[in-house]
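First to last, the sequence lines map onto chains A and B. Mapping of the first sequence onto the numbering used here: residues 798 to 1363, in sequence order. Mapping of the second sequence onto the numbering used here: residues 10 to 93, in sequence order. A short worksheet on the structure shown next.
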Amino acid sequence: MSNIGSYEEKYNNFDWKVSATELEYGKDGMYNIAYYCSDRIVEKGLGDKVALIWQGFSGAVRNYTYRDIKIYSNNFAKFLSDLGIVPGDRICIFMDRIPELFISFLGILKMGGITQPLFSAFGEEALFTRLDDAQTKAIITTKKHVGKVRRIREKLPALEKVILVDADQQKLKGDEIAFGMEQAPKVNEFPVFKAEAETPSVLHYTSGTTGKPKGAMHVHSSIIAQYITAKWVLDITTDDICWCTADPGWVTGTSYGIIGPWSAGVTQTVLDAGFNSEKWYGFIQKHKITVWYTAPTAIRLLMKDGVEAVKKYDLSSLRHLISVGEPLNAEAVIWSEEAFDKPFHDSYWQTETGAIVITNYPGMKIKPGSMGKPFPGITATVVDQKTFEPIKTPGTVGLIALKPGWPSMFRTYWNNKSMYDSKFANNLYICGDRASIDADGYFWFVGRDDDVINTGGHLVGPFEIESALLEHDAVAESAAIGKPDQVNMEVVKAFVALKPGYEANADLELSIMNFIRKKLSPLAMPQEIEFVESLPKTRSGKIMRRLLKAKEWGQEIGDVSTLEND
Amino acid sequence: MAEDLKNLIIDYVKREYLEEDSEEEVNENTPLISSGIVDSFSMVSLKTFLEKKFNVKIPDDKATPEAFDTVNNMVNLLKEFNVT
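Set out below in structure tokens:
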């Protein structure tokens, strides 16, 4: 029997208080996420239970109990407080998936800071944009990544503290500070900051079609949604060993790689290594993982290596499989039944929603290729693209819209209230994705409603790529679109018009690719560059990205009457 | 010749994928993809480099993470295209 039991019964009789009551949320005036993910579990007598099994690339394994998590996060909290960091300050975490990442996340929250995790593969420009926007006061990083921070630090006057968790004193430059989480004197008790339910907690940056990336701001009471969705969608129980493969630089990695499982007191695992199917299967076998939350891109990569590769390992511990990041194609669901004797359950949500909002539940019939049904407490519909009125006819495509008010909904975009306001219409939050609902109430994803590129489950903004392309010496004009890709759903394709004196060739293509990879991130790097004489523009001079995308996807081009040069 | 090939690829990996003051060692057996030095997205730029440098076209079904995981694996892949 699954945790959720009957979906219909739960959906029809739901109140978020169910979650708050189980968590004892707000008891003694305590609302801080970090308390519920560490101290409370220890208080319940589970201090010796393993909270984190971490495995590095070389195979080295380190285990941390809930007591360890409590003490080491206390260490971080005290260290940051002693440095003069105060509640409300933004503190960035910028490192690979080492234990310090997960534990400092709680340490920052414990002292009242707003944690700003950023994907460690971001290049210096992507990092600068996000630190500058948030006016981040401190960054916690490692020797491997501090070079990027050093190159932009002069431009970031608000960034007062650069902290390295793995450096010797002699490796530091300027006023950088070394802090060893496990070497510091143990802080057995730390007065956890008395956050309110609405106190800001986590700032996750996400990309849009235009402008700079936006910081979606979440609050401490998001835990009410993250806890109950972890229990009812991931179906976690006390004895489970969970593996959420997402990096905490993205929202999945914090909501379900930290907050959900740890608030429920279960053991979670981390593999800090690049993708390799045999390594992944070996990891599941070695740690007897029971609940596996991963992405369609990873599943499709595993599919490439076939069922034979799966059968070399004993993966009988696996009990429940869930997927997130982009639509899970029907073939992947069917393949997982053959490979693992159980299907992957697709789940849909966004940085802005903070927790799963539409999904397939354990025990519920899966329609392969469908997103599933709204989580209890979530009112979801599809609306007409022009009137924003709910569509009543099954199978008709519209925009996915949610009734605001669930606990993990973002509260604003940092410093960008007008952009936040623009996401609402007809008293609904408009997700920016298109879908239809069938006669049985299942949602079916169709695509994005804007030009944002979904590559491997990560959203990449075309504007950010185009702006960076223009900084390359050879580039006069540029456009970036998503191109269909079998594994990643979409990859970035760039169209580039060169300045006079430059010749289109493979050398230049490679130079531009690497330029974007280092400046922004590997995700933003164009996987293909098409050199063109000029780009199609409207009469007002705006590049017609829509036209380029339609051509690439083999779609109807539509009205081109406003084109200047066709 | 094979040594030249290896050194050429090692130099490229160090130059393009490691920070200037990186302490990481790269030799012909260093795992690149599975260690995270080169992520799966960046593999495309590595593939483009090999194709451009050696004037070959590596089909998608040969461009697997395993084939690019070490410099030795890449040298073996290139041998299939008579590059030695």
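Yeah, the Cβ is synthetic: ideal placement off N, Cα and C, and Gly gets one too.
Asked	Found
Return the Cβ separation of Ile937(A) and Val946(A) in integer angstroms, given the expectation that the two are a contact with Cβ distance under 8 Å.	About 10 Å separates the two Cβ atoms, so there is no contact after all.
Please work out which residues of its chain come closer than 7 Å, Cβ to Cβ, to Lys23(B), disregarding the five sequence neighbours upstream and downstream, and give them in chain order.	Val35
Could you give the DSSP three-state label for Asn1362(A): helix, strand or coil?	Unreliable placement is indicated for Asn1362(A), whose pLDDT of 46 sits below 50; the coordinate value is still reported in the next sentence. The answer is coil: DSSP assigns Asn1362(A) none of H, G, I, E or B.
With 8 Å set as the bound, which would you pick, yes or no: does the beta-carbon of Lys1076(A) sit closer than that to a beta-carbon of chain B?	yes
Using a Cβ-Cβ distance under 8 Å, would Asn1251(A) count as near chain B?	no
Please confirm whether Asp13(B) has its beta-carbon closer than 8 Å to some beta-carbon of chain A.	no
Contact defined as beta carbons within less than 8 Å: I believe Ala1129(A) pairs with Pro1093(A). What is the distance between those atoms, to the nearest angstrom?	6 Å
When DSSP builds the beta bridges, which residues end up paired with Glu1327(A)?	Phe1292(A)
So does the segment 800 to 807 of chain A actually touch the segment 833 to 843 of chain A, counting three or more Cβ pairs closer than 8 Å?	no
Could you round the C-beta distance between Leu1307(A) and Phe58(B) to whole angstroms and report it? I think they count as a contact, below 8 Å.	6 Å
Pick from Ala857(A), Met1014(A) and Pro982(A): whose alpha carbon is nearest that of Glu995(A)?	Met1014(A)
By DSSP's criteria, Phe1242(A) is part of a beta bridge. Which residues make up the other side?	Ala1232(A)
Would you say Met1373(A) reaches chain B, if we count a Cβ-Cβ gap shorter than 8 Å as a contact?	Any question about residue 1373(A) goes unanswered here, given that chain A covers just 798 to 1363.
Is Pro1333(A) close to chain B, meaning its C-beta is less than 8 Å from at least one C-beta of that chain?	no
In this structure, how does DSSP classify Asn16(B) when only helix, strand and coil are distinguished?	helix
Does Arg950(A) get closer than 8 Å to chain B when you measure Cβ to Cβ?	no
Which residues in chain B have a C-beta closer than 8 Å to the C-beta of Asp893(A)? List them in chain order.	Gly45
Where does Asn860(A) fall in DSSP's three states?	strand
Can you tell me whether Glu1361(A) is buried or exposed? The criterion is at least 16 other CB atoms within 10 Å of its CB, across all chains shown.	Residue placement at Glu1361(A) cannot be trusted, given a pLDDT of 49 that sits under 50; what the coordinates show is reported in the next sentence. Label assigned to Glu1361(A): exposed.
Less than 8 Å between CB atoms is the rule here; does Glu25(B) satisfy it with respect to chain A?	yes
In the DSSP assignment, what are the bridge partners of Lys1280(A)?	Val1288(A)
Using a 10 Å radius around the Cβ and a threshold of 16 neighbouring Cβ atoms, would you call Gly1253(A) buried or exposed?	buried
Counting Cβ pairs, one atom from each stretch, are 3 or more of them under 8 Å apart for the segment 972 to 991 of chain A and the segment 869 to 876 of chain A?	yes
Going by other Cβ atoms of all chains shown within 10 Å of its Cβ, with 16 needed for buried, is Met798(A) buried or exposed?	exposed
With contact counted as at least three CB pairs below 8 Å, one residue from each stretch, are the segment 850 to 864 of chain A and the segment 1065 to 1079 of chain A in contact?	yes
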